[in-house]
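This report refers to the structure that appears directly beneath it.
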Amino acid sequence: MRIVQWTDPAKADLARIDEDLAAADTDYADRVGAAAIASGRFLADWLGAGPPIDADPTVHKWPVKATPYLLLYRVIDDTPHILRVRHAHEDWASDF
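First residue of the sequence shown? That's -5 in our numbering, and the numbers climb one at a time after it.
The following block contains the structure:
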């Protein structure tokens, strides 16, 4: 089984999302966090899943199931590197 590398910006994104959501609903925040981790694990088994983004075709986007969030990731040496966790309606393309 491959490991998933979460970059520091991705970890910070996930922490910010958790903090913001927990202020209103801790159970929902926990579900979103668990879904993000599960989506990352999926990518370890399905490298290259999701479409590449226009700004950088080496970066793929993958939805976090049942949430409005996306994992933006790149495969390096057969390992998915989660670069960012962003809301689908944010201007996340400007990150690349």
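Just so you know, even glycine gets a beta-carbon here, dropped at the ideal spot from N, CA and C.
Treat the numbers as computed from the prediction; the structure is a model and nothing was measured.
Residue nearest to residue i in terms of C-alpha spacing, selected from the options
i	options	result
P74	L8, A6 and K55	K55
L37	E84, Q(-1), H83 and D21	Q(-1)
I(-3)	A6, D85, D21 and I76	I76
Reduced DSSP category for residue i - H, G, I as helix; E, B as strand; rest coil
i	result
P74	strand
P57	strand
P46	strand
V26	helix
Under 7 Å between C-beta atoms of residue i and residue j
i	j	result
L15	V26	yes
R78	T52	no
V58	A29	yes
Close beta carbons around residue i, own chain, < 7 Å, minus the five adjacent residues each side
i	result
H81	P62 and Y63
D118	There is no way to answer for residue 118, as the model of the chain reaches only from -5 to 90.
Spatial distance of residue i from residue j (CA atoms)
i	j	result
A23	D71	32 Å
E13	M(-5)	30 Å
Contacts around residue i, its chain only, beta-carbon distance under 8 Å, and the 5 residues preceding and following it disregarded
i	result
I47	V53, H54, K55, L66, A87 and F90
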